[in-house]
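When the sequence shown is numbered by the numbering used here, its final residue is 655 and no position is left out of the sequence of numbers.
Ideal Cβ positions, reconstructed from N, Cα and C, are used throughout, including at glycine.
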Amino acid sequence: MKTNILKALYNLAKYQDNDLKSIYKGGNRANAMGDALEYYAKDLFCDSLKEVDIEKKNRKYGEYFSYRGNQNNPPDFIIKQGDAIEVKKLAGFGTSLALNSSYPKSKLHADSPMITKHCKNCEKWSEKDIIYLVGVVVGGKVKSIWFAYGDCYAADRGVYERVRNTIVAGVKDIRGVELSKTKELGRVNKVDPLGITCLRVRGMWAIESPMKVFDYLAKDYKANNLVAYAIMSSQKYNSLPKEDRDSIESIKNKNLSIKDVEVKDPNNPVKYIPAKLFRISF
(Lines of atoms letter the chains of each structure in order from A and count residues from 1; the text may use other names and numbers.)
(Lines give C-alpha, C1' and ligand atoms only; values in the text may rest on other atoms or scores of the structure.)
Protein backbone atom coordinates (compact mmCIF):
# COMPACT_ATOMS: atom_id res chain seq x y z
CA MET A 1 0.00 0.00 0.00
CA LYS A 2 1.24 3.51 -0.78
CA THR A 3 0.84 6.91 0.77
CA ASN A 4 2.29 10.38 0.29
CA ILE A 5 1.96 13.95 1.48
CA LEU A 6 -1.22 14.58 -0.56
CA LYS A 7 -2.98 11.70 1.20
CA ALA A 8 -1.86 13.11 4.56
CA LEU A 9 -3.23 16.55 3.68
CA TYR A 10 -6.45 15.00 2.40
CA ASN A 11 -6.89 13.13 5.71
CA LEU A 12 -6.19 16.28 7.72
CA ALA A 13 -8.85 18.17 5.77
CA LYS A 14 -11.28 15.25 6.05
CA TYR A 15 -11.06 14.56 9.79
CA GLN A 16 -10.46 18.13 11.03
CA ASP A 17 -9.25 16.87 14.41
CA ASN A 18 -6.24 18.38 16.16
CA ASP A 19 -6.94 17.43 19.79
CA LEU A 20 -4.07 15.11 20.70
CA LYS A 21 -5.39 14.55 24.23
CA SER A 22 -8.71 13.32 22.86
CA ILE A 23 -7.26 11.22 20.03
CA TYR A 24 -4.66 9.45 22.16
CA LYS A 25 -6.50 8.93 25.45
CA GLY A 26 -7.52 5.72 27.20
CA GLY A 27 -6.35 2.53 25.51
CA ASN A 28 -4.61 4.50 22.79
CA ARG A 29 -2.12 6.40 24.96
CA ALA A 30 0.50 7.59 22.49
CA ASN A 31 2.18 9.59 25.25
CA ALA A 32 3.19 6.30 26.86
CA MET A 33 4.94 5.28 23.64
CA GLY A 34 6.50 8.54 22.54
CA ASP A 35 5.58 11.94 21.23
CA ALA A 36 1.89 12.18 20.39
CA LEU A 37 2.62 14.55 17.50
CA GLU A 38 4.72 11.86 15.83
CA TYR A 39 1.84 9.39 16.06
CA TYR A 40 -0.50 12.06 14.76
CA ALA A 41 1.79 12.52 11.75
CA LYS A 42 1.94 8.77 11.10
CA ASP A 43 -1.83 8.48 11.40
CA LEU A 44 -2.35 11.24 8.86
CA PHE A 45 -0.20 9.40 6.33
CA CYS A 46 -1.82 6.02 7.10
CA ASP A 47 -5.44 7.19 7.44
CA SER A 48 -5.46 5.61 10.90
CA LEU A 49 -6.44 8.64 12.96
CA LYS A 50 -9.67 6.96 14.10
CA GLU A 51 -8.09 3.57 14.81
CA VAL A 52 -8.06 3.08 18.59
CA ASP A 53 -6.43 -0.34 18.78
CA ILE A 54 -2.67 0.12 19.17
CA GLU A 55 -1.78 -3.24 17.64
CA LYS A 56 -3.94 -2.59 14.57
CA LYS A 57 -2.45 0.88 14.30
CA ASN A 58 1.11 -0.49 14.42
CA ARG A 59 0.30 -3.11 11.80
CA LYS A 60 -1.02 -0.39 9.53
CA TYR A 61 2.22 1.52 9.98
CA GLY A 62 3.99 -1.63 8.81
CA GLU A 63 1.91 -1.61 5.62
CA TYR A 64 2.88 1.95 4.72
CA PHE A 65 6.34 2.51 6.20
CA SER A 66 9.66 0.80 5.51
CA TYR A 67 11.36 2.37 8.54
CA ARG A 68 10.30 3.74 11.91
CA GLY A 69 13.13 5.56 13.62
CA ASN A 70 14.22 6.62 17.07
CA GLN A 71 14.71 9.89 18.90
CA ASN A 72 18.47 10.01 18.38
CA ASN A 73 18.75 9.52 14.62
CA PRO A 74 16.77 11.06 11.75
CA PRO A 75 14.32 10.49 10.19
CA ASP A 76 11.29 9.55 12.30
CA PHE A 77 9.82 7.36 9.55
CA ILE A 78 10.15 6.54 5.86
CA ILE A 79 7.28 5.84 3.50
CA LYS A 80 7.80 2.66 1.48
CA GLN A 81 9.40 3.69 -1.81
CA GLY A 82 8.64 7.27 -0.83
CA ASP A 83 9.66 10.25 1.27
CA ALA A 84 11.36 10.46 4.65
CA ILE A 85 9.62 12.43 7.40
CA GLU A 86 11.23 14.21 10.33
CA VAL A 87 8.72 15.36 12.98
CA LYS A 88 9.50 18.32 15.22
CA LYS A 89 7.28 19.59 18.02
CA LEU A 90 7.47 23.23 19.08
CA ALA A 91 6.03 24.79 22.22
CA GLY A 92 5.60 28.22 20.64
CA PHE A 93 5.34 29.98 17.29
CA GLY A 94 8.70 31.74 17.57
CA THR A 95 10.76 28.70 18.55
CA SER A 96 13.60 27.38 16.39
CA LEU A 97 14.01 23.70 15.53
CA ALA A 98 16.68 21.92 17.56
CA LEU A 99 18.36 19.41 15.23
CA ASN A 100 21.14 18.47 17.69
CA SER A 101 24.08 16.77 15.94
CA SER A 102 22.29 16.44 12.58
CA TYR A 103 22.50 19.41 10.24
CA PRO A 104 19.46 20.48 8.11
CA LYS A 105 18.82 18.31 5.08
CA SER A 106 17.62 19.19 1.62
CA LYS A 107 17.60 15.44 0.89
CA LEU A 108 18.20 12.33 2.98
CA HIS A 109 21.24 10.38 1.77
CA ALA A 110 21.88 6.71 2.47
CA ASP A 111 25.60 7.36 2.99
CA SER A 112 24.98 9.82 5.83
CA PRO A 113 26.85 8.84 9.03
CA MET A 114 23.97 10.26 11.09
CA ILE A 115 21.43 7.57 10.12
CA THR A 116 21.35 4.02 11.45
CA LYS A 117 22.23 0.89 9.47
CA HIS A 118 18.58 -0.17 9.80
CA CYS A 119 17.55 3.04 8.06
CA LYS A 120 20.17 2.50 5.34
CA ASN A 121 18.99 -1.07 4.78
CA CYS A 122 15.21 -0.57 5.12
CA GLU A 123 14.91 -0.72 1.33
CA LYS A 124 17.14 -0.17 -1.69
CA TRP A 125 17.77 3.56 -1.92
CA SER A 126 20.50 6.19 -2.18
CA GLU A 127 18.60 9.48 -1.84
CA LYS A 128 15.13 10.42 -0.61
CA ASP A 129 13.11 13.60 -0.44
CA ILE A 130 12.61 14.64 3.16
CA ILE A 131 9.66 16.44 4.75
CA TYR A 132 10.10 18.48 7.93
CA LEU A 133 6.74 18.18 9.69
CA VAL A 134 6.77 20.93 12.29
CA GLY A 135 3.90 21.33 14.72
CA VAL A 136 3.12 23.83 17.46
CA VAL A 137 1.31 22.04 20.30
CA VAL A 138 -0.45 24.14 22.94
CA GLY A 139 -2.62 22.67 25.69
CA GLY A 140 -2.66 19.25 24.05
CA LYS A 141 -3.88 20.62 20.72
CA VAL A 142 -1.99 21.09 17.46
CA LYS A 143 -2.33 24.79 16.66
CA SER A 144 -0.12 24.96 13.59
CA ILE A 145 1.58 22.49 11.26
CA TRP A 146 4.05 22.99 8.44
CA PHE A 147 4.94 20.25 5.98
CA ALA A 148 8.13 21.66 4.42
CA TYR A 149 10.13 19.74 1.85
CA GLY A 150 13.84 19.91 2.54
CA ASP A 151 14.82 21.19 -0.91
CA CYS A 152 12.60 24.25 -0.33
CA TYR A 153 13.86 24.73 3.23
CA ALA A 154 17.54 23.75 3.58
CA ALA A 155 20.69 24.21 1.51
CA ASP A 156 22.60 21.35 -0.12
CA ARG A 157 24.54 19.19 2.31
CA GLY A 158 27.89 20.51 1.06
CA VAL A 159 27.10 23.88 2.67
CA TYR A 160 26.79 22.34 6.13
CA GLU A 161 29.53 19.75 5.69
CA ARG A 162 32.04 22.44 4.75
CA VAL A 163 31.46 24.18 8.08
CA ARG A 164 31.52 20.91 9.99
CA ASN A 165 34.70 19.71 8.30
CA THR A 166 36.43 23.03 8.96
CA ILE A 167 35.67 22.72 12.67
CA VAL A 168 36.77 19.08 12.77
CA ALA A 169 40.04 19.98 11.07
CA GLY A 170 40.60 22.78 13.59
CA VAL A 171 40.03 20.44 16.52
CA LYS A 172 42.51 17.94 15.06
CA ASP A 173 45.15 20.69 14.82
CA ILE A 174 45.05 21.30 18.57
CA ARG A 175 48.38 20.26 20.05
CA GLY A 176 49.03 18.75 23.47
CA VAL A 177 45.82 16.69 23.71
CA GLU A 178 45.03 13.07 22.87
CA LEU A 179 42.29 12.78 20.28
CA SER A 180 40.36 9.68 19.25
CA LYS A 181 38.19 8.81 16.26
CA THR A 182 34.56 9.85 16.64
CA LYS A 183 31.44 10.70 14.63
CA GLU A 184 31.18 13.90 16.66
CA LEU A 185 33.27 17.04 16.04
CA GLY A 186 35.99 15.72 18.29
CA ARG A 187 36.86 13.72 21.40
CA VAL A 188 39.75 14.47 23.74
CA ASN A 189 40.84 11.55 25.93
CA LYS A 190 42.74 11.47 29.25
CA VAL A 191 42.14 15.10 30.14
CA ASP A 192 43.16 14.63 33.80
CA PRO A 193 46.27 13.03 35.35
CA LEU A 194 44.41 9.77 36.05
CA GLY A 195 43.33 9.56 32.44
CA ILE A 196 39.71 9.00 33.42
CA THR A 197 38.07 12.09 31.91
CA CYS A 198 37.26 12.81 28.27
CA LEU A 199 35.88 15.87 26.51
CA ARG A 200 33.31 15.36 23.75
CA VAL A 201 33.02 18.17 21.21
CA ARG A 202 29.52 18.01 19.81
CA GLY A 203 27.65 20.02 17.22
CA MET A 204 24.22 21.38 18.16
CA TRP A 205 22.49 22.44 14.97
CA ALA A 206 19.33 24.55 14.91
CA ILE A 207 17.24 26.10 12.13
CA GLU A 208 14.50 28.70 12.11
CA SER A 209 11.00 27.21 11.93
CA PRO A 210 9.14 27.15 8.59
CA MET A 211 6.69 29.65 10.09
CA LYS A 212 9.47 32.23 10.16
CA VAL A 213 11.36 31.09 7.05
CA PHE A 214 8.23 31.24 4.86
CA ASP A 215 6.56 34.23 6.49
CA TYR A 216 6.73 36.03 3.13
CA LEU A 217 4.21 33.46 1.88
CA ALA A 218 2.02 32.92 4.94
CA LYS A 219 1.53 35.09 8.02
CA ASP A 220 -1.79 33.92 9.43
CA TYR A 221 -0.63 30.73 11.12
CA LYS A 222 -2.10 31.79 14.47
CA ALA A 223 -5.67 32.05 13.15
CA ASN A 224 -8.56 29.64 13.75
CA ASN A 225 -8.35 26.37 15.68
CA LEU A 226 -5.60 24.96 13.45
CA VAL A 227 -3.81 26.24 10.37
CA ALA A 228 -1.68 23.83 8.36
CA TYR A 229 0.62 24.65 5.48
CA ALA A 230 2.55 22.46 3.07
CA ILE A 231 5.23 23.70 0.71
CA MET A 232 6.78 21.68 -2.10
CA SER A 233 8.35 22.42 -5.45
CA SER A 234 6.06 22.26 -8.46
CA GLN A 235 8.34 19.56 -9.82
CA LYS A 236 7.70 17.43 -6.73
CA TYR A 237 3.96 18.05 -6.89
CA ASN A 238 3.78 17.00 -10.53
CA SER A 239 5.71 13.81 -9.74
CA LEU A 240 3.01 12.64 -7.30
CA PRO A 241 0.25 10.29 -8.54
CA LYS A 242 -2.34 12.07 -10.68
CA GLU A 243 -5.22 10.43 -8.82
CA ASP A 244 -3.97 11.96 -5.56
CA ARG A 245 -3.54 15.37 -7.16
CA ASP A 246 -7.05 15.14 -8.61
CA SER A 247 -8.43 13.98 -5.26
CA ILE A 248 -7.14 16.88 -3.20
CA GLU A 249 -7.89 19.44 -5.91
CA SER A 250 -11.50 18.25 -6.00
CA ILE A 251 -12.17 18.91 -2.30
CA LYS A 252 -14.99 21.41 -2.00
CA ASN A 253 -13.90 23.17 1.17
CA LYS A 254 -13.42 26.91 1.59
CA ASN A 255 -10.80 26.19 4.26
CA LEU A 256 -8.53 24.41 1.78
CA SER A 257 -6.53 26.36 -0.77
CA ILE A 258 -3.77 25.47 -3.22
CA LYS A 259 -1.66 28.27 -4.69
CA ASP A 260 1.18 28.54 -7.16
CA VAL A 261 3.98 30.44 -5.44
CA GLU A 262 7.74 30.98 -5.70
CA VAL A 263 10.13 29.95 -2.93
CA LYS A 264 13.54 31.46 -2.33
CA ASP A 265 16.21 28.99 -3.41
CA PRO A 266 17.96 27.89 -0.16
CA ASN A 267 21.27 27.76 -2.04
CA ASN A 268 20.89 31.15 -3.73
CA PRO A 269 18.10 33.40 -2.35
CA VAL A 270 18.17 35.75 -5.35
CA LYS A 271 16.70 32.88 -7.36
CA TYR A 272 13.23 31.39 -6.89
CA ILE A 273 11.80 27.89 -7.19
CA PRO A 274 8.26 27.40 -8.60
CA ALA A 275 6.27 25.77 -5.81
CA LYS A 276 2.84 24.74 -4.50
CA LEU A 277 1.53 26.12 -1.22
CA PHE A 278 -1.32 24.27 0.51
CA ARG A 279 -3.34 25.80 3.32
CA ILE A 280 -5.85 23.95 5.50
CA SER A 281 -7.68 25.53 8.43
CA PHE A 282 -10.51 24.58 10.74
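Query	Result
Residue burial classification, Asp529 (beta-carbon count within 10 angstroms, cutoff 16)	exposed
Best match in Asn377, Lys375, Tyr383 for proximity to Asn628 [C-alpha to C-alpha]	Tyr383
contact_flag[the segment 420–427, the segment 458–478] where n(CB pairs < 8 Å) is 3 or more	no
At least 3 beta-carbon pairs within less than 8 Å: the segment 616–627 vs the segment 578–589	no
Asp502 - partner residues in DSSP beta bridges	Lys480
8 Å contact criterion, which Val532 and Leu558 should meet: CB distance rounded	Not a contact, Cβ separation roughly 17 Å.
Identity of the residue in Gly435, Ile452, Val509 nearest Ile378 by Cα	Ile452
Entirely enclosed alpha helix (DSSP H) segments - the segment 418–473, minimum 4 residues	427–437
Beta-carbon gap between Tyr505 and Tyr526 smaller than 8 Å	yes
Status (buried if at least 16 other CB within 10 Å, exposed otherwise) for Lys375	exposed
Separation of Val600 from Pro642, as counted between CA atoms	26 Å
Beta-carbon proximity list for Ile547, same chain, < 6 Å, skipping 5 on both sides	none
Contact between the segment 475–495 and the segment 433–448 (3+ Cβ pairs under 8 Å)	yes
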